[in-house]
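Chemist: According to numbering that gives the first Met the number 0, the stretch in the sequence shown is residues 0 to 201, in order.
Ideal placement from N, C-alpha and C gives every residue a C-beta, glycine not left out.
Source: prediction; values computed, not measured.
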Amino acid sequence: MARQPKPAITSSAVHDLIRHRWSPRAFAPTPVSASDLASVFEAARWAASSNNGQPWRFIVATSADTAAHDAAADCFNPRNQRWARPAPVLIFALTRKLADNGSANMHHWYDTGAAVAQLSLQAEALGLVVHQAAGIDRDRVRATYGVPDDVDVVIGFALGHPGDPEALPEELPGREKEPRGRKPLGDIVFAGKFGETAPFAK
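(1) I believe Phe-91 touches Val-150 by the beta-carbon criterion, under 8 Å. Please report the beta-carbon distance rounded to the nearest angstrom.
(2) Just confirm the distance between the C-beta atoms of Leu-158 and Ala-86, as a whole number of angstroms; I'd bet it's less than 8 Å.
(3) Per DSSP, which one or two residues make a beta bridge with Arg-95?
(4) For Glu-195, collect the residues of the same chain with a Cβ closer than 6 Å to its Cβ; drop the 5 residues on either side in sequence, then sort them by chain order.
(5) Return yes when the Cβ of Leu-120 is within less than 8 Å of the Cβ of Arg-20, no when it is not.
(6) Below 8 Å, how does it come out for the stretch 98 to 111 and the stretch 49 to 65: are there three or more Cβ pairs, yes or no?
(7) Under DSSP, the beta strand (DSSP E) around Phe-57 begins and ends at which residues?
(8) Per the contact definition of three or more C-beta pairs closer than 8 Å, is the stretch 12 to 27 in contact with the stretch 159 to 174?
(9) Need the endpoints of the alpha helix (DSSP H) that Ala-72 sits in, please.
(10) Go ahead and pull the three-state DSSP assignment for Leu-167.
(11) Could you please give the first and the last residue of the uninterrupted alpha helix (DSSP H) stretch that includes Ala-33?
(12) What is the C-beta distance between His-175 and Pro-23, in whole angstroms, given that I count them as a contact (C-beta under 8 Å)?
(13) By the DSSP assignment, the alpha helix (DSSP H) with His-106 in it spans what residues?
(14) Label Gly-155 either buried or exposed according to how many other C-beta atoms from any shown protein chain fall within 10 Å of its C-beta, with 16 as the threshold for buried.
(15) Gln-80: which of Val-39, Ile-17, Ala-37 and Ala-133 sits nearest, CA to CA?
(16) Return the first residue and the last residue of the beta strand (DSSP E) that Val-128 is part of.
(17) Excluding five sequence neighbours on each side, which residues of the same chain lie with their C-beta closer than 7 Å to the C-beta of Asp-203?
(18) Quick one: what's got a C-beta closer than 7 Å to Pro-54's C-beta in the same chain, skipping five residues either side?
(19) Can you tell which of Ala-83, Phe-57 and Leu-184 has the C-alpha that lies nearest to the C-alpha of His-68?
(20) With DSSP collapsed to three states, give me the class of Ile-135.
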């Protein structure tokens, strides 16, 4: 099924992958191919990172292994399980707090976010969709997968082919149709002093 189009109304030209990427909750049960999975993680692998530390790690569960997929879905909070459980691929992004030499890596969350962003854009290029969720039980993720103490659990997300929004429960079909929006550029890009809008962003 084709995803409902909701292109961003941008104030300047951006790449179509960025304009058309959004976060649906409706997933088709169609499995994601091994080659597509490898492709999205290859995109994450090539993200930039401080000192090329590459702190990101991922745990993946697919619907091909029902028990593993159920265990992953149980790590989402109940509200997010409503849309995450039907998705064919569930993923947790993790990040190493220490550099390879044992020193603290002050940028590991930032770097891992960059890797997930590249993964999401590669998914978009392949016709797949991603929905990220901060609403996960991090302690449960840690216990389920034996995550060591020097690794943070960052986020969970679902990945798959777009599905039918009307198959979602409760209020979720309506949320799929809500318009997209962002703060104006002038609210987030400054020059000279914090809070002073950069000339090109006015």
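Modeler: Once the coordinates are examined:
(1) Locating residue 91 in the sequence shown gives position 92, where the first residue counts as 1. Locating residue 150 in the sequence shown gives position 151, where the first residue counts as 1. With 8 Å as the limit, Phe-91 and Val-150 do not qualify as a contact, their Cβ atoms being about 11 Å apart.
(2) Position 159 of the sequence shown, counting from 1, holds the residue named residue 158. Position 87 of the sequence shown, counting from 1, holds the residue named residue 86. Right, their Cβ atoms sit about 7 Å apart.
(3) Within the sequence shown, the letter at position 96 stands for residue 95. The partner list for Arg-95 (beta bridge, DSSP) reads Val-150.
(4) By 1-based counting over the sequence shown, the position of residue 195 is 196. Result list for Glu-195: Phe-189, in chain order.
(5) Residue 20 sits at position 21 when you count from the first residue of the sequence shown. Residue 120 sits at position 121 when you count from the first residue of the sequence shown. Closer than 8 Å, so yes.
(6) Contact check between the stretch 98 to 111 and the stretch 49 to 65: three or more CB pairs, one atom from each, fall below 8 Å, which counts as touching.
(7) As a working note, residue 57 is residue 58 in the sequence shown. Note, Phe-57: beta strand (DSSP E), 55 to 61.
(8) Counting Cβ pairs under 8 Å, three or more are found: they touch.
(9) Stepping through the sequence shown from its first residue, residue 72 is reached at position 73. 65 to 72 is the span of the alpha helix (DSSP H), which, as asked, contains Ala-72.
(10) For this step, residue 167 is matched to residue 168 along the sequence shown. DSSP places Leu-167 outside both helix and strand once states are collapsed to three, so it counts as coil.
(11) Counting from 1 along the sequence shown, the entry for residue 33 is found at position 34. Boundaries of the alpha helix (DSSP H) harbouring Ala-33: 33 to 44, taken from the DSSP string.
(12) As a position in the sequence shown, residue 175 is number 176, starting the count at 1. As a position in the sequence shown, residue 23 is number 24, starting the count at 1. First, the amino acid is wrong: residue 175 is Glu here, not His. That pair is a contact at about 6 Å.
(13) As a first step, residue 106 is located in the sequence shown; it is residue number 107 there, counting from the start. Boundaries for His-106: no alpha helix (DSSP H) harbours it, and the DSSP string shows neither H nor E there.
(14) The residue labelled residue 155 in the question sits at position 156 within the sequence shown. Gly-155 comes out buried.
(15) Residue mapping note: residue 80 aligns to position 81 of the sequence shown, counting from 1. When each option's Cα is compared against that of Gln-80, the closest is Ala-133.
(16) Within the sequence shown, the letter at position 129 stands for residue 128. Where Val-128 is concerned, the enclosing beta strand (DSSP E) stretches over 128 to 132.
(17) Because residue 203 is not part of the residues shown, which for the chain are 0 to 201, the question remains open.
(18) Walking along the sequence shown from the start, residue 54 turns up at place 55. Sequence-distant Cβ neighbours of Pro-54 in its own chain, meaning closer than 7 Å and more than five residues away, are Ser-48, Thr-94, Arg-95, Asn-104, His-107, Asp-110 and Thr-111.
(19) Walking along the sequence shown from the start, residue 68 turns up at place 69. Its Cα nearest to that of His-68, the residue Ala-83 stands out among Ala-83, Phe-57 and Leu-184.
(20) Here residue 135 is taken as the residue at index 136 of the sequence shown, counted from 1. Ile-135 falls in the strand class under three-state DSSP.
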